[in-house]
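Everything in the sequence shown is counted per our numbering, starting at 16 for the first residue and increasing by one.
We treat Cβ as the ideally placed atom computed from N, Cα and C, and that holds for glycine.
Report on the structure given below.
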Amino acid sequence: MKKRYLLIAALILLLSGCSKVTKENYDKIESGMSYEEVLKLLGKPENCSKALGISSCTWKNDEAKIVIMFVSDQVTVVTAEGLK
16 MKKRYLLIAA
26 LILLLSGCSK
36 VTKENYDKIE
46 SGMSYEEVLK
56 LLGKPENCSK
66 ALGISSCTWK
76 NDEAKIVIMF
86 VSDQVTVVTA
96 EGLK
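Spelled out as structure tokens, the structure:
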């Protein structure tokens with residue numbers, strides 16, 4: 016029974032998780048990083064749009080967001096709002 020409670024607690028923590036949209040992760044993003052490298056750092060974006068070979072992807076949490084523009088799958092412009 017105790018194992019069951021531990022498993023449930025672990026699942027709740029995993030599902031609630033910590034947001035990866037943080038100042039620390041924002042500071043790790045560098046021009047020229049690949050889309051895959053950013054995915055490893057921030058996880059899956061909330062949304063992405065593509066036009067003429069340029070992608071704009073947004074990562075959000077309750078308080079902040081990071082927007083990254085990719086050209087040929089490489090970071091070119093990074094903006095953020097609400098990071099502490």
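Nearest-angstrom Cα separation, counted from residue j out to residue i
{"i": "D42", "j": "V86", "result": "20 angstroms"}
{"i": "V82", "j": "S64", "result": "11 angstroms"}
{"i": "G47", "j": "V92", "result": "10 angstroms"}
{"i": "V90", "j": "C33", "result": "24 angstroms"}
{"i": "N62", "j": "E52", "result": "17 angstroms"}
{"i": "K38", "j": "T73", "result": "15 angstroms"}
{"i": "P60", "j": "V36", "result": "10 angstroms"}
Candidates the options: closest to residue i by CA position
{"i": "L67", "options": "K35, D88, N40, T94", "result": "D88"}
{"i": "K99", "options": "V92, E52, E78", "result": "E78"}
{"i": "L57", "options": "G97, K75, V92, T94", "result": "K75"}
Cutoff 6 angstroms; reference residue i; Cβ partners in own chain excluding five residues on either side
{"i": "S71", "result": "S64, M84"}
{"i": "A95", "result": "Y41, I81"}
Where residue i falls: helix, strand or coil (DSSP)
{"i": "E45", "result": "coil"}
Residues near residue i by beta carbon distance below 7 angstroms, same chain, minus five either side
{"i": "Y50", "result": "F85, D88"}
Sequence-distant residues of the same chain with beta carbon closer than 8 angstroms to residue i, five excluded per side
{"i": "G97", "result": "E78, A79, K80"}
{"i": "E45", "result": "V90"}
Ranges of the alpha helix (DSSP H) found wholly within the segment 53-88, counting only runs of at least 4: none
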